[in-house]
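Chemist:
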Amino acid sequence: AIASLERLGATVDVAAADVTSPDEVRALVERLSLGDAPLRGVVHAAGEDLVQPLEATTASQLAQVCGAKVRGAWNLHIATSDVPLDLFLCFSSISAVLGSSGRAAYAGANAFLDALAHERRRLGRPGL
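The following block contains the structure:
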């Protein structure tokens with residue numbers, strides 16, 4: 001897939017970073033800004049799921065499910081606040097609107113992504 005994108009003229013940089021770590025995300029964004037091609041977009045597709053009733057979900061389990069989606073998206077949002085992006089795409093789920101049996105934490109995390117996209121657009125920044 002990467003080779004296909006590169007044949008079309010895209011520059012693809014594959015990097016490992018923990019999106020739940022503000023320091024790692026900030027360092028990655030800074031490193032990318034020093035490259036030959038400026039960072040023009042963010043695609044946030046990290047996520048974790050947990051299937052169990054809400055009343056059985058502990059605070060630490062909620063934090064675990066929300067970590068990659070919520071903290072990750074927020075860290076990317078903050079780290080790119082001064083970067084002129086063409087896109088900031090977060091992969092949410094219909095569970096944010098309709099809910100999903102046994103997936104309250106997942107639904108909440110996805111609702112956050114939807115709200116963040118709306119807030120970014122309100123600020124005049126890309127968000128989807």
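Numbering (this note's numbering), first residue to last: 1 to 128.
We put the CB at the ideal spot given by N, CA and C, even for glycine.
This one's a predicted model, so the numbers in the text were calculated from it and none came from an experiment.
(1) Can you give me the C-alpha to C-alpha distance between residue 39 and residue 59, rounded to a whole angstrom?
(2) Are the beta-carbon atoms of residue 72 and residue 14 separated by less than 7 Å?
(3) Are the beta-carbon atoms of residue 88 and residue 120 separated by less than 7 Å?
(4) Figure out for me which residue from 108, 86 and 83 has the closest Cα to the Cα of residue 94.
(5) So, under 8 Å CB-CB, residue 112 and residue 51 are touching, yes? Tell me the CB distance rounded to an integer number of Å.
(6) Pick out whichever of 48, 56, 26 and 41 has its Cα sitting closest to the Cα of residue 64.
(7) Apart from the five residues on each side of it in sequence, which residues of its chain come closer than 6 Å, Cβ to Cβ, to residue 127?
(8) List in chain order: all unbroken alpha helix (DSSP H) runs of 4+ residues lying wholly within the segment 65-120.
Modeler: The short version:
(1) Distance between the alpha carbons of residue 39 and residue 59: 35 Å.
(2) Taking 7 Å as the Cβ cut-off, residue 72 and residue 14 do not qualify as a contacting pair.
(3) A contact, by the Cβ cut-off of 7 Å.
(4) Taking the Cα of residue 94 as reference, the smallest distance to any Cα among 108, 86 and 83 is reached at 108.
(5) Rounded, the Cβ-Cβ distance is 19 Å, inconsistent with contact.
(6) When 48, 56, 26 and 41 are compared, the shortest CA-CA separation from residue 64 is found for 48.
(7) So the qualifying residues of the chain are 88, 117, 120 and 121.
(8) Segments of the alpha helix (DSSP H) lying fully in the segment 65-120: 72-79 and 95-98.
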